[in-house]
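Chains A and B, in that order, are what the protein sequence lines are. Under my numbering, read the first sequence as residues 1 to 110, first letter to last. Under my numbering, read the second sequence as residues 1001 to 1113, first letter to last. Below is one structure, written out as structure tokens; the observations come after it.
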Amino acid sequence: QKEVEQDPGPLSVPEGAIVSLNCTYSNSAFQYFMWYRQYSRKGPELLMYTYSSGNKEDGRFTAQVDKSSKYISLFIRDSQPSDSATYLCAMNPGAQKLVFGQGTRLTINP
Amino acid sequence: SAVISQKPSRDICQRGTSLTIQCQVDSQVTMMFWYRQQPGQSLTLIATANQGSEATYESGFVIDKFPISRPNLTFSTLTVSNMSPEDSSIYLCSVEGLSYEQYFGPGTRLTVT
């Protein structure tokens, strides 16, 4: 079993829809949680990062962490074609290496 | 967040040769990381590079194949040695922020023929 599980998709939704991307994990020591967006032929771009449980909002993006369920989510509101990319979750316990999910390929259709 | 550049952005190399990838950061950082990302896959950590000490390699990666230098707090290099087609991949460097988040460079796309 992988430490971090992420549905690879692909996920295709119409423009304006709310997108929900999710990861589950098995290591209860994980405390720091990140979401990256990666466009084709580009490096990963850090979108959101949170510490421990709770919600964090930044514009159209909301990150949620539920440590009791070992489950994290990224919500994208009013999705745009420019949001089409691969989204990677990542996490670590602190000063240790990041563990990545497999990435979800998302397409927003105009 | 740090601004990270990598050189070269892409290269096509012959089997058996070596390529050195450079990673430059616009601010001083303690921890730098090197990753490999094969087509359609997630990121795999190759090694962690701290300034002034030997790099720490992950299982499956060895110093003879992937030597790393970290001469100062803003620069690192990764060499891919004695390349084979299986080394064709994107190579990424990253740096660690204050909350253990990481910021990535644009990547080096390597094709070995």
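No residue lacks a Cβ here, since even glycine has one placed at the ideal position from N, Cα and C.
Considering only the beta carbon of each residue, do residue i and residue j sit closer than 7 angstroms?
i: GLY43(A); j: PRO1039(B); result: no
i: TYR32(A); j: TYR1100(B); result: yes
i: SER1089(B); j: ARG1036(B); result: yes
i: VAL1029(B); j: VAL1080(B); result: no
i: ALA63(A); j: THR50(A); result: yes
i: LYS56(A); j: TYR25(A); result: no
i: PHE61(A); j: ILE72(A); result: no
i: VAL4(A); j: VAL65(A); result: no
i: PRO10(A); j: ARG105(A); result: yes
i: GLN6(A); j: CYS89(A); result: yes
i: ASP1087(B); j: VAL1062(B); result: no
i: PHE1075(B); j: ILE1046(B); result: no
i: LEU47(A); j: TYR1103(B); result: no
i: SER82(A); j: LYS67(A); result: no
Rounded to whole angstroms, what's the CA-CA distance from residue i to residue j? Just pull it up for me.
i: GLN38(A); j: GLU1058(B); result: 23 angstroms
i: THR107(A); j: LEU1092(B); result: 24 angstroms
i: SER79(A); j: ASP1064(B); result: 46 angstroms
i: VAL1025(B); j: VAL1003(B); result: 6 angstroms
i: GLY101(A); j: MET1031(B); result: 22 angstroms
i: ARG1109(B); j: GLY103(A); result: 19 angstroms
i: ALA17(A); j: THR1017(B); result: 49 angstroms
i: PRO110(A); j: ALA85(A); result: 14 angstroms
i: PRO1071(B); j: GLN1051(B); result: 6 angstroms
i: ASP1011(B); j: ARG41(A); result: 14 angstroms
i: VAL19(A); j: LEU74(A); result: 8 angstroms
i: ASP58(A); j: TYR87(A); result: 16 angstroms
i: LEU21(A); j: CYS1013(B); result: 37 angstroms
i: MET91(A); j: LEU1019(B); result: 31 angstroms
i: ALA1055(B); j: MET34(A); result: 24 angstroms
i: PRO93(A); j: PRO8(A); result: 24 angstroms
i: ASN27(A); j: ASN1082(B); result: 37 angstroms
i: CYS23(A); j: LYS97(A); result: 18 angstroms
i: SER1027(B); j: ALA95(A); result: 20 angstroms
Which residues does DSSP list as the beta-bridge partners of residue i?
i: ARG1010(B); result: ARG1109(B)
i: SER1076(B); result: CYS1023(B)
i: PRO14(A); result: ASN109(A)
i: ARG37(A); result: GLU45(A) and TYR87(A)
i: LYS56(A); result: ALA63(A)
i: ASN22(A); result: SER73(A)
i: THR50(A); result: PHE33(A)
i: VAL99(A); result: MET91(A)
i: ILE1004(B); result: VAL1025(B)
i: LEU1043(B); result: GLN1037(B)
i: TYR1103(B); result: VAL1095(B)
i: ALA1049(B); result: MET1032(B)
i: SER1069(B); result: THR1077(B)
Am I right that residue i and residue j are in contact with their C-beta atoms under 8 angstroms? What's the rounded C-beta distance?
i: THR1044(B); j: PHE1033(B); result: No, THR1044(B) and PHE1033(B) are not in contact; Cβ-Cβ is about 11 angstroms, not under 8 angstroms.
i: SER1069(B); j: THR1077(B); result: 5 angstroms
i: SER1009(B); j: GLY1097(B); result: Not quite, the Cβ-Cβ distance comes to about 24 angstroms (not below 8 angstroms), so this is no contact.
i: GLN1006(B); j: GLN1022(B); result: 7 angstroms
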